[in-house]
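2 protein chains.
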Amino acid sequence: MLMALMDGESWPAGDLARQAEIQPATASYHLEQLVAGGLLMVIPQGRHRYYRLTSPAVAELLEHMAAVSGPAPVRSLRSSSQRDALRYGRTCYSHLAGRLGVVWCQSWVDGGQVKAVDQGFIVTERGQRTLRLVGIEVTSGTFIAQHAVDWTERVPHFAGPLAKTVTDRLLTVGWIERGTIPRSIHVTGPGQAGLVEFGIRIPDERSVD
Amino acid sequence: MLMALMDGESWPAGDLARQAEIQPATASYHLEQLVAGGLLMVIPQGRHRYYRLTSPAVAELLEHMAAVSGPAPVRSLRSSSQRDALRYGRTCYSHLAGRLGVVWCQSWVDGGQVKAVDQGFIVTERGQRTLRLVGIEVTSGTFIAQHAVDWTERVPHFAGPLAKTVTDRLLTVGWIERGTIPRSIHVTGPGQAGLVEFGIRIPDERSVD
DNA sequence: CGATTATTTTGAACGCCATCGAAATGATCC
DNA sequence: GGATCATTTCGATGGCGTTCAAAATAATCG
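Going down the list, the sequences are from chains F and Z. Throughout the first sequence, residue numbering follows the working numbering, covering 1 to 209 in sequence. Throughout the second sequence, residue numbering follows the working numbering, covering 210 to 418 in sequence.
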């Protein structure tokens with residue numbers, strides 16, 4: 001359930017129960033504990049009670065835990081295909097993660113849109129021009145944080161405010177869109193060409209290693 | 210027990226049991242689980258079996274967890290005084306943490322030995338000269354990572370290779386020394402003057418807030 | 001080699017915690 | 001206002017995990 005909430009969105013108890021494949025009563029019990037423990041907060045809205053992580057810090061911690069613990073053993077076919085989808089692309093507190101996020105980071109390093117500095121990257125002039133393609137205006141030298149480790153890929157990807165802005169923009173212009181599996185992301189038809197122009201070598205969605 | 214191992218040192222099962230105030234058999238049982246879970250490794254030496262964290266990554270994760278969970282409620286006077294000692298100064302995987310580590314970081318920012326950049330600090334020319342006082346030679350511009358959050362202080366402190374080098378050096382020249390409580394650090398007599406010259410405003414050991 | 005120390009293994013007891021079905025609460029919809 | 005849906009509360013069950021004492025193993029010491 002915590003993993004399902006890692007995109008920073010709010011989900012009602014029932015949805016979380018279904019995803020965790022447990023009874024609603026059980027989910028309710030656990031969610032209460034997580035709220036008591038300060039990891040979750042609850043936003044009552046009508047007959048729904050929306051749960052969400054109390055802060056991005058919690059998401060970071062979870063990502064950190066997942067990174068150290070390594071990939072979980074596959075329990076069922078369903079969770080496996082679900083994992084594959086998330087492995088391809090997903091949002092992590094509103095920035096791109098998964099293979100898509102990693103490839104973006106690598107492509108931009110190789111393509112010279114960003115220059116690696118300690119603990120992150122700074123946007124080059126080329127990067128500045130590339131960002132302008134999707135209507136984002138920044139001064140070159142702007143810093144982009146990197147996420148220390150990525151859960152499924154174990155390599156850096158962009159994080160922080162600018163990463164979020166870009167992700168939002170890519171969703172708005174319709175180059176990427178959210179899948180049916182919560183937090184999953186995939187590339188749209190127009191996005192195929194768009195992202196290449198945006199300096200991202202798009203990975204094949206079929207061949208997820 | 211994990212907290213006791215956070216300095217990266219190796220401890221035998223018995224010592225860990227005593228610190229955790231549990232029976233040796235119980236400790237052994239738990240330590241075995243932690244090894245199975247990949248958090249600990251064991252180094253058999255004679256009739257002792259030394260346990261240690263498998264990697265610095267585990268220590269970072271623990272620090273992260275402690276930071277998010279906040280200070281634990283005080284259970285006993287003993288654990289409280291122990292906590293106070295660690296709050297004053299301690300090593301975290303071979304770099305200074307606790308109030309001492311935080312003050313070092315703040316003093317150097319104020320004193321101009323380092324300049325804050327994103328996700329860390331870089332050594333200025335003044336810092337270069339200060340480091341030379343203890344026989345450490347670096348080029349100005351050298352990067353010092355910062356630990357995102359400090360468990361007891363919740364403010365940044367130095368981490369990474371250079372922080373470790375300095376800590377080792379301060380121990381070698383005898384300005385700081387390890388206390389009886391594992392991981393605890395305090396300032397020696399000579400260190401009082403030395404650390405001031407080294408650009409650190411030494412906090413009073415008595416008045417730990 | 002016997003005594004001592006460090007540690008693990010075994011075995012058993014206890015407690016508690018996760019789980020679920022059923023009932024209760026609360027809110028929406030018609 | 002009654003029906004339906006989302007969620008929580010209640011109550012009961014089963015299981016499992018933690019714990020420790022005692023015994024076993026292993027290594028050191030005299």
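For each residue, glycine too, the CB sits at the ideal point set by N, CA and C. Predicted model only: the values in this text are computed from it and were never measured.
Close-in-space but distant-in-sequence residues of the same chain around residue i (CB under 7 Å, 5 per side omitted)
i: F/Tyr-51; result: Leu-5, Ser-10, Trp-11, Ala-13, Leu-16, Leu-31, Leu-40 and Val-42
i: F/Gly-112; result: Thr-124 and Arg-126
i: F/Val-114; result: Trp-108, Phe-121, Ile-122, Val-123, Thr-124, Gly-127 and Ile-144
i: F/Ile-136; result: Thr-165, Val-166 and Arg-169
i: Z/Gly-247; result: Thr-263
i: Z/Ala-229; result: Met-210 and Ala-236
i: F/Ile-202; result: Val-187, Gln-192, Leu-195 and Val-196
Beta-carbon neighbours of residue i, restricted to chain Z and to distances below 8 Å
i: F/Ala-66; result: Chain Z residues near F/Ala-66: none, gap ~10 Å exceeds 8 Å.
Member of the options whose CA lies at the smallest distance from the CA of residue i
i: Z/Gly-336; options: Z/Trp-384, Z/Ile-231 and Z/Ile-409; result: Z/Ile-409
i: Z/Phe-407; options: Z/Gln-315, Z/Arg-387, Z/Ile-394 and Z/Gly-388; result: Z/Gln-315
i: Z/Val-343; options: Z/Gly-247, Z/Asp-377 and Z/Phe-367; result: Z/Asp-377
i: F/Arg-103; options: F/Met-3, F/Arg-178 and F/Val-187; result: As written in the sequence, residue 103 of chain F is Val, which differs from the Arg given in the question. Of the candidates F/Met-3, F/Arg-178 and F/Val-187, the one whose C-alpha sits nearest the C-alpha of F/Val-103 is F/Val-187.
i: F/Gln-23; options: F/Val-196, F/Met-1 and F/Arg-178; result: F/Met-1
i: Z/Arg-258; options: Z/Ile-411, Z/Pro-412, Z/Ser-237 and Z/Arg-227; result: Z/Ser-237
i: F/Leu-34; options: F/Arg-47, F/Glu-21 and F/Met-3; result: F/Met-3
Integer-rounded CB distance, given that residue j should sit under 8 Å from residue i
i: Z/Ile-385; j: Z/Gly-398; result: The pair is not a contact, with the Cβ atoms about 11 Å apart (cut-off 8 Å).
CB contact flag (residue i, residue j, <9 Å)
i: Z/Leu-371; j: Z/Val-347; result: yes
i: Z/Leu-317; j: Z/Thr-339; result: According to the sequence displayed, residue 317 of chain Z carries Trp and not Leu. Yes. Within cutoff.
i: F/Val-68; j: Z/Ala-276; result: no
i: Z/His-273; j: F/Leu-61; result: yes
Within chain Z, partners of residue i - CB distance below 9 Å
i: F/Val-58; result: Val-277
Interface residues of chain F facing residue i [CB-CB closer than 7 Å]
i: Z/Leu-270; result: His-64, Met-65 and Val-68
Beta-carbon contacts of residue i that lie in its chain and below 8 Å, excluding the five residues immediately before and after
i: F/Ala-116; result: Val-109
i: Z/Leu-380; result: Glu-386 and Arg-387
i: F/Gly-174; result: Thr-188, Pro-190 and Gly-191
i: F/Pro-44; result: Tyr-50
Own chain, CB closer than 6 Å to residue i, minus 5 neighbours either side, in chain order
i: F/Ala-193; result: none
i: Z/Arg-256; result: none
i: Z/Phe-367; result: Cys-314 and Ile-353
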